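Undergrad: Dropping a structure here in structure tokens format, bear with me for questions.
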Amino acid sequence: MTISRSTRRLLAAVTGLVLVVLYAPLALVVVNSFNTSQALTWPPSGFTTQWWQRAAVNPGAHDAILTSLTVAACATVMALVLGTLLGLAMQRYSFFGKDTVNLLVVLPIALPGIVTGIALSNAFSSILGVRLGFFTLVVAHATFCIVTVFNNVQARLRRMGGNLEEASADLGAGMWTTFRLVTLPQLRSALLAGGLLAFALSFDEIIVTTFAAGPGVTTLPVWILTNLFRPGQAPIVNVVAVVMIVVSVAPIWLAQRLSSDPTDTTRAIH
């Protein structure tokens, strides 16, 4: 399909405007992290690195980052195991209620975060009698992280087909051997992409965290929200936000590259 030069220019202008609206606020956060003023003002009154130095020795920020990394890692591991098993079950087997199960697996990421947070908080506290804390937070994050792994695994299994697995079974290999030597090597890049995306989603989640963490468990997004409007803390929050942007963008970019590269299956096999 060919389009006129004026149409191309219009599309380029609209695309540029959308990108400016999306990323100008992020650029403002980066600039304000070096601003000498303690207020979120524009234009910057000067350049300084003192806020980065203060953030580097801030114990609250350190504890929050460590908590977020630990929760995200645990939730990602749970999502990789459960999401892979669910993807294999949905794609390789037929059973009663399959469509319903598929819907229930995907539903947590489609629901508003506040609905999921309230539901999990009530379930843990009222029904199960579990005290809100680190464990409940990991489980809560895993509920929506599973979906990212599940979608990647299911999409890869559709592309793979079942010919190689059937050939392995015909040659006498058992289910576990076939999975370990045939299926898993072809799923590795999809699992890596799903795991990276799950980690990024868990790392910057705040709504579900607010309801499922309980007292004493402070993740980085919660720490940012708590300190944003405290006197003298806004510049340090900007610094931490910049770090959070980098940590969140890197795995999402890598996951996109792995998911969109048509040759990744061949590389995974070799």
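Per my numbering, the sequence shown starts with residue -4, numbered consecutively.
Positions of the beta carbon are idealized from the N, C-alpha and C atoms, including for glycine.
Here the structure is a predicted model, which means the values were calculated and not measured.
1) Roughly how many angstroms separate the alpha carbons of M170 and F91, rounded to a whole number?
2) How is N30 classed by DSSP in three states: helix, strand or coil?
3) Using a 10 Å radius around the Cβ and a threshold of 16 neighbouring Cβ atoms, would you call G156 buried or exposed?
4) Whole angstroms are fine: how far does the CA of T138 sit from the CA of V244?
5) According to DSSP, simplified to helix, strand and coil, what is F90?
6) Do the segment 68 to 75 and the segment 173 to 193 make contact, defined as three or more Cβ pairs closer than 8 Å?
7) Could you check if L249 belongs to the surroundings of the ligand GTP, using beta carbon to heavy atom distance under 6 Å?
8) For the putative contact between G268 and T71, defined by C-beta atoms under 8 Å, what is the C-beta separation to the nearest angstrom?
9) Our contact map puts I240 next to L21 with C-beta atoms below 8 Å; I'd like the distance itself, whole angstroms only.
10) What is the C-beta distance between Q48 and G227, in whole angstroms, given that I count them as a contact (C-beta under 8 Å)?
11) Exposed or buried, which one is L182 when buried takes at least 16 other CB atoms within 10 Å?
12) Taking 7 Å as the cut-off, decide whether the C-beta atoms of L132 and A67 are in contact.
13) Is the distance from the Cβ of M60 to the Cβ of L176 below 7 Å?
14) I104 to S197, Cα distance in whole Å?
15) With DSSP collapsed to three states, give me the class of P257.
16) Going by the beta-carbon positions, is the gap between A135 and L106 smaller than 7 Å?
17) Leaving out five residues before and five after A118 in sequence, what residues of the same chain have Cβ atoms less than 7 Å from its Cβ?
18) Distance check for A193 and L80, CA to CA, integer angstroms please.
19) Less than 7 Å between C-beta atoms, sequence neighbours within five positions excluded: which residues of the same chain meet that for V24?
TA: Here's the rundown:
1) Taking the straight line from one Cα to the other gives about 22 Å.
2) N30 falls in the strand class under three-state DSSP.
3) exposed
4) 21 Å
5) coil
6) yes
7) By its list of ligands, the structure shown contains no ligand whatsoever, and the ligand GTP lies outside what it can speak to.
8) As displayed, the chain neither begins before -4 nor continues past 265, which places residue 268 out of reach and without an answer.
9) Taking the Cβ atoms as the reference, I240 lies roughly 6 Å from L21, within the contact range of under 8 Å.
10) That pair is no contact at about 14 Å.
11) buried
12) no
13) Residue identity check: residue 60 is Ile in the sequence provided, not Met. No; because the gap between Cβ atoms is not below 7 Å, this pair is not in contact.
14) 12 Å
15) Bear in mind that the predicted position of P257 carries a pLDDT of just 47, short of 50, making it unreliable; the figure below should be weighed with that in mind. Of the three classes helix, strand and coil, the one that applies to P257 here is coil, per DSSP.
16) no
17) Excluding residues within five positions, none has a Cβ falling inside 7 Å.
18) Each residue's alpha carbon lies about 16 Å from the other.
19) N233, A236, V237
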